[in-house]
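Counted the way the working numbering counts, the sequence shown spans residues 2 to 306.
Everything below concerns the one structure shown next.
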Amino acid sequence: MKPLRHFLSIKDISEKEARLIFKKASEFKTNRGKNALFFLSSQTWALIFRKPSTRTRLSFEVAVRELGGEALFLNSQDLQLSRGESIEDTAQVFGRMVHGIIMRTFSQKELELFALYGNIPVVNALTDEEHPCQVLSDIFSYEEKRGSIEGKKIAFVGDGCCNVARSWALAAEIFRFNLSIAAPPLYFSPIDNPFVTNTTSIEEACQDASLLYTDVWTSMGKEEEMQKRQVDFSGYQLNEHAVKVASKDVLVFHCLPAYRNKEISTELFKERAEDIYTQAENRLHVQKALLAWLVGKLDDSLPSE
């Protein structure tokens with residue numbers, strides 16, 4: 002019997018397993034619509050979303066269906082959780098009726114409890130603490146265009162405490178790249194490892210960087226802080242000046258949605274839109290490969306130790 006796998010954090014995967022996923026993702030992308038592999042045949046996967054979504058919902062629903070499974074979307078109001086039913090009871094029932102859970106919620110603890118009690122694979126489709134599927138796909142997108150990310154300098158401009166930045170910081174240790182975060186001190190990364198540095202200077206963070214990355218200034222659930230954050234981050238924008246101090250062939254990524262002339266200038270977004278939209282597209286291919294890995298369909302390809 003194959004071991005039960007979850008993907009709750011970017012830390013749940015080794016570099017070797019990630020590269021196996023990347024290889025399969027590349028195959029899925031190249032062969033899409035040609036030779037289908039129904040790794041989830043006769044399976045139903047539940048998408049439990051407490052937060053709104055465009056790319057995450059779209060990519061996961063399509064991924065499950067293209068792998069031969071059925072995707073069942075449920076928002077928080079569809080479930081008795083909204084009326085106080087326990088996570089333990091809910092997870093136990095889900096575990097007896099569906100084959101996996103893809104969950105987008107606020108609390109990382111809630112996700113972990115579903116994994117504990119459900120006895121089926123659980124995927125973190127975003128929590129307040131992490132967005133591991135986004136960052137796994139982002140690394141694939143970088144390497145698709147520029148080769149190995151190991152040893153490269155990645156600049157993150159904006160809220161170093163947000164879920165995307167946290168997953169980037171954790172991934173830095175796994176993939177051995179250097180992450181430089183430009184943010185006001187209140188928003189420095191809480192992740193402490195030797196691959197992550199914080200600075201208040203955009204120029205310092207972006208200097209010679211191979212990738213410039215940003216996200217919205219106000220994450221979901223922080224809307225009451227919007228006015229304060231717009232003041233705090235007013236000087237933290239990706240624009241042509243940031244590109245000028247970066248590496249000559251620097252990539253610019255944004256995980257979307259993008260608010261022009263806030264975290265990224267309209268001109269820079271327009272100039273780099275093709276790379277950003279490809280970054281979004283790759284969520285589909287990487288998540289298809291991730292789901293295949295979760296159900297053990299890639300194990301025969303793992304090299305021996």
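For each residue, glycine too, the CB sits at the ideal point set by N, CA and C.
Asked: Meets three-Cβ-pair contact criterion under 8 Å: the stretch 148-160 and the stretch 202-218; Found: yes
Asked: Nearest residue (CA-CA) to Y260, options L59, T219, S248; Found: T219
Asked: Opening and closing residue of the beta strand (DSSP E) in which K154 lies; Found: 154-158
Asked: Through-space distance from F40 to N164, alpha-carbon basis; Found: 30 Å
Asked: C-alpha distance - P258 paired with D216, whole-angstrom precision; Found: 8 Å
Asked: Supposed contact pair L68 and A47 - C-beta distance, whole angstroms, cut 8 Å; Found: Contact flag wrong, Cβ pair sits at about 15 Å.
Asked: Per-residue burial, D160 [other beta carbons within 10 Å of its own, 16 or more giving buried]; Found: buried
Asked: Proximity below 9 Å, CB of H7 to CB of V123; Found: yes
Asked: Proximity of S168 and E113 at Cβ, strictly below 9 Å; Found: no
Asked: The stretch 283-301 / the stretch 17-33 touching (three or more Cβ pairs under 8 Å); Found: yes
Asked: R33, DSSP secondary structure in three states; Found: coil
Asked: Residue from V253, A274, L5, S15 with nearest C-alpha to P133; Found: S15
Asked: Whole-Å CB distance - S190 paired with A172, under 8 Å assumed; Found: Not quite, the Cβ-Cβ distance comes to about 12 Å (not below 8 Å), so this is no contact.
Asked: Nearest-angstrom Cα separation, counted from C207 out to Q78; Found: 43 Å
Asked: G70 classed as buried or exposed, judged by whether at least 16 other C-beta atoms fall within 10 angstroms; Found: buried
Asked: Residue from S235, K154, S266, Y278 whose Cα sits closest to the Cα of K249; Found: K154
Asked: V253 and V244 closer than 9 Å at C-beta; Found: yes
Asked: L38 versus F196 - alpha carbon distance; Found: 37 Å
Asked: Where D90 falls, given that 16 or more other Cβ within 10 Å makes a residue buried; Found: exposed
Asked: Every unbroken alpha helix (DSSP H) within the stretch 137-189, with a cutoff of 4 residues, ordered by chain; Found: 164-176
Asked: C-alpha distance - Q44 paired with L291, whole-angstrom precision; Found: 16 Å
Asked: Cross-strand partners of T198 (DSSP beta bridge); Found: S181
Asked: Sequence-distant residues of its chain with Cβ nearer than 8 Å to A19 (five each side left out); Found: L137, I140, I175, F176
Asked: Close beta carbons around I265, own chain, < 7 Å, minus the five adjacent residues each side; Found: T215, Q238, L239, H255, A259
Asked: Residues of its chain near T200, where Cβ-Cβ distance is below 6 Å and the 5 sequence neighbours each way are ignored; Found: A183, A206
Asked: Sequence-distant residues of the same chain with beta carbon closer than 6 Å to L295, five excluded per side; Found: R6, P122
Asked: Three-state secondary structure assigned by DSSP to E62; Found: helix
Asked: Beta-carbon proximity of K3 to G297, cut-off 9 Å; Found: yes
Asked: Minimum Cβ-Cβ distance from Q238 to chain D less than 9 Å; Found: As a matter of chain content, chain D is missing from the structure shown, which is built from one protein chain.
Asked: Straight-line gap, I11 to C162 (C-alpha atoms, nearest Å); Found: 16 Å
Asked: Minimum C-alpha distance to A156 - residue among S142, L75, S181; Found: S181
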